[in-house]
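There are 4 protein chains.
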Amino acid sequence: MNKGHNSKKVGGVAVDQLKSIIARVEKLEAEKAGIAADIRDVFAEAKGNGYCTKAIRTILKMRKQDASEREEQENILDVYLNALGMLPLFEGEGEAA
Amino acid sequence: MNKGHNSKKVGGVAVDQLKSIIARVEKLEAEKAGIAADIRDVFAEAKGNGYCTKAIRTILKMRKQDASEREEQENILDVYLNALGMLPLFEGEGEAA
Amino acid sequence: MNKGHNSKKVGGVAVDQLKSIIARVEKLEAEKAGIAADIRDVFAEAKGNGYCTKAIRTILKMRKQDASEREEQENILDVYLNALGMLPLFEGEGEAA
Amino acid sequence: MNKGHNSKKVGGVAVDQLKSIIARVEKLEAEKAGIAADIRDVFAEAKGNGYCTKAIRTILKMRKQDASEREEQENILDVYLNALGMLPLFEGEGEAA
Numbered sequence: 001m002n003k004g005h006n007s008k009k010v011g012g013v014a015v016d017q018l019k020s021i022i023a024r025v026e027k028l029e030a031e032k033a034g035i036a037a038d039i040r041d042v043f044a045e046a047k048g049n050g051y052c053t054k055a056i057r058t059i060l061k062m063r064k065q066d067a068s069e070r071e072e073q074e075n076i077l078d079v080y081l082n083a084l085g086m087l088p089l090f091e092g093e094g095e096a097a
Numbered sequence: 001m002n003k004g005h006n007s008k009k010v011g012g013v014a015v016d017q018l019k020s021i022i023a024r025v026e027k028l029e030a031e032k033a034g035i036a037a038d039i040r041d042v043f044a045e046a047k048g049n050g051y052c053t054k055a056i057r058t059i060l061k062m063r064k065q066d067a068s069e070r071e072e073q074e075n076i077l078d079v080y081l082n083a084l085g086m087l088p089l090f091e092g093e094g095e096a097a
Numbered sequence: 001m002n003k004g005h006n007s008k009k010v011g012g013v014a015v016d017q018l019k020s021i022i023a024r025v026e027k028l029e030a031e032k033a034g035i036a037a038d039i040r041d042v043f044a045e046a047k048g049n050g051y052c053t054k055a056i057r058t059i060l061k062m063r064k065q066d067a068s069e070r071e072e073q074e075n076i077l078d079v080y081l082n083a084l085g086m087l088p089l090f091e092g093e094g095e096a097a
Numbered sequence: 001m002n003k004g005h006n007s008k009k010v011g012g013v014a015v016d017q018l019k020s021i022i023a024r025v026e027k028l029e030a031e032k033a034g035i036a037a038d039i040r041d042v043f044a045e046a047k048g049n050g051y052c053t054k055a056i057r058t059i060l061k062m063r064k065q066d067a068s069e070r071e072e073q074e075n076i077l078d079v080y081l082n083a084l085g086m087l088p089l090f091e092g093e094g095e096a097a
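Chains as they are written, first to last, in UniProt numbering: chain A, 1 to 97; chain B, 1 to 97; chain C, 1 to 97; chain D, 1 to 97.
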């Protein structure tokens, strides 16, 4: 982002530099929006092929997690669900006797 | 949140205490949702009375800002808009000659 | 929100009515912020008592779901995880033979 | 996304197809994250050059709006601010006499 010594100034602002900042961000935002649209297309295609996009999003989130961290998290969740009687298998045992 | 020494434990978890945490959060979340609905009602009423809710939201945001900070922000914005030729009044002067 | 026939107008806007809209929203938003703070307190207390707040949030989300819908969702997720070889129990069976 | 008639199935799920969906989304999300990082770099550079990034973000938002819509929005805002006595220039006139 060169300041350009002979760049025109208005109100102390280097006009070309400000315009360049804005143009660069707008270009990048347009690219980002394009990729977001591509992602929506992949999900729409998956849905069209009968896949459950909610489950796919969960898997994408899980894959971002470190495997051991994920496993630990699932174990804690099971302990709590069991304590609350929310685990079908452990219904009887979990609930207050 | 008393632990209650004779509170039943499942998998090392004090069942009553966990249930109380969940119940308290759910109660508070229900109250919060109720108030969010009340806010929506006020905006719906204002809209019904012909008010522009977008402008009202802008004013609510402005009122949260410290007045001098807001003024400084508006001055900077005007300088930039003028430099970019986006200020109607200063169109001619702002733009590169 | 009574318009009040003798309410002062500025630029065609019933000043008192606009002020009342803003005051009501600000009051409700303050109440909502108060409850949000209470929720944070409950989570902080739970954390202080050694609970995993992430697991508690997951349970709160699960409890908002219809039980059968939740079960169906978990079944689909297991089928996909198994197909991708991401289920520890089914590692051998899931992966390409 | 061809189904591929001889594609291996687990639990009724075409494994390769599911893997391809996940791989494509992950690739696109990585690209999107890269561009988001580029945008952050431009703002960091602008900040380093003394620009107010908040004002730049406001201008980017304004440029996404249709000019006449933006102008109408600003006029309504001024009318309301004036009615509430929040416009410095019109302080005296706006406020209840």
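Backbone N, C-alpha and C fix where the C-beta goes; we use that ideal spot for every residue, glycine too.
Everything numeric in this text was worked out from a predicted model, so none of it was measured.
Q. Going along the chain, which residues of its own chain have a beta-carbon closer than 8 angstroms to the beta-carbon of C/Ser7, five neighbours each way excluded?
A. When the five nearest sequence neighbours on each side are left out, the beta carbons in the same chain lying within less than 8 angstroms of the beta carbon of C/Ser7 are those of Ala14, Val15, Asp16 and Gln17, in order along the chain.
Q: Return the first residue and the last residue of the alpha helix (DSSP H) that D/Asn82 is part of.
A: Ala67 to Ala83
Q) Mind checking D/Asn82: buried by the 16 CB within 10 Å criterion, or exposed? A) buried
Q.
Please tell me whether B/Arg24 has its Cβ less than 9 angstroms away from any Cβ of chain C.
A. For B/Arg24, the answer is yes, since a Cβ of chain C falls inside 9 angstroms of its Cβ.
Q) Which whole-angstrom value describes the C-beta separation of B/Asp78 and B/Leu87, a residue pair presumed to lie in contact below a C-beta threshold of 8 angstroms? A) The Cβ separation is near 7 angstroms, so the contact holds.
Q. DSSP three-state call for D/Lys8: helix, strand or coil?
A. coil
Q. Does the Cβ of A/Ala37 have 16 or more other Cβ atoms within 10 Å, making it buried, or fewer, making it exposed?
A. With fewer than 16 other Cβ atoms inside 10 Å of its own Cβ, A/Ala37 counts as exposed.
Q | Cβ pair D/Ile56, A/Val10 closer than 9 angstroms | A | no
Q: Give the interface partners of C/Lys27 over in chain D, defined as CB-CB distance under 9 angstroms, in chain order.
A: In chain order: nothing, as chain D lies at least about 16 angstroms away.
(Q) Measuring only the C-alpha atoms, how far is B/Ala33 from A/Leu28? (A) 37 angstroms
Q. In chain order, what residues of the same chain have a beta carbon less than 8 angstroms from the beta carbon of A/Ala46, not counting five sequence neighbours either side?
A. Taking C-beta separations shorter than 8 angstroms and ignoring five residues to either side along the sequence, the partners of A/Ala46 in its chain run Thr53 and Ile56, following chain order.
Q. Which chain C residues sit within Cβ distance under 7 angstroms of D/Lys19?
A. Chain C residues near D/Lys19: Leu84.
Q: Along the alpha helix (DSSP H) that carries B/Met62, what are the first and last residues, could you check?
A: Thr53 to Lys64
Q: Using the Cα positions of A/Met62 and A/Asp41, report the straight-line distance between them to the nearest angstrom.
A: Pairing A/Met62 with A/Asp41, the inter-Cα distance amounts to about 21 angstroms.
Q. Can you round the beta-carbon distance between B/Tyr51 and C/Ile21 to whole angstroms, since I take them to be within the 8 angstroms contact cut?
A. 7 angstroms
(Q) Can you check whether the C-beta of C/Ile76 is within less than 9 angstroms of a C-beta belonging to chain A? (A) yes
Q | Spatial distance of D/Gln73 from C/Thr58 (CA atoms) | A | 41 angstroms
Q. Do B/Ile39 and C/Ile35 have their C-beta atoms within less than 9 angstroms of each other?
A. no
**Q.** Cα-Cα separation between D/Asn75 and A/Tyr80, rounded to whole angstroms
**A.** 55 angstroms
**Q.** Neighbouring residues, chain A, relative to B/Val79 (Cβ below 9 angstroms)
**A.** Val10, Gly11, Gly12 and Val13
Q | Selected residue, minimal CA-CA separation from D/Gly12, among A/Asp66, A/Glu31 and A/Asn49 | A | A/Asn49
Q: Using a Cβ cut-off of 9 angstroms, pull out every chain C residue sitting near B/Ala36, in sequence order please.
A: Leu28 and Lys32
Q) Just curious, the alpha helix (DSSP H) that D/Leu18 is in, first and last residue? A) Note, D/Leu18: alpha helix (DSSP H), Val15 to Gly48.
**Q.** Cα-Cα separation, B/Glu31 to C/Lys64
**A.** Each residue's CA atom was taken as its position, placing B/Glu31 and C/Lys64 some 15 angstroms apart.
Q | Interface partners of D/Ala44 on chain A, CB under 8 angstroms | A | What D/Ala44 touches in chain A: nothing, since even the nearest Cβ is about 11 angstroms away.
Q: Would you please verify whether the beta carbon of residue 126 of chain C is less than 9 angstroms from any beta carbon of chain A?
A: Residue 126 of chain C lies beyond the range of chain C shown here (1 to 97); nothing can be said about it.
Q) Whose CA, out of A/Ala44, A/Lys19 and A/Leu60, lies closest to the CA of D/Lys19? A) For D/Lys19, the closest of A/Ala44, A/Lys19 and A/Leu60 by C-alpha to C-alpha distance is A/Leu60.
Q: Using the Cα positions of residue 113 of chain C and A/Glu69, report the straight-line distance between them to the nearest angstrom.
A: Residue 113 of chain C is absent from the model: chain C starts at 1 and stops at 97.
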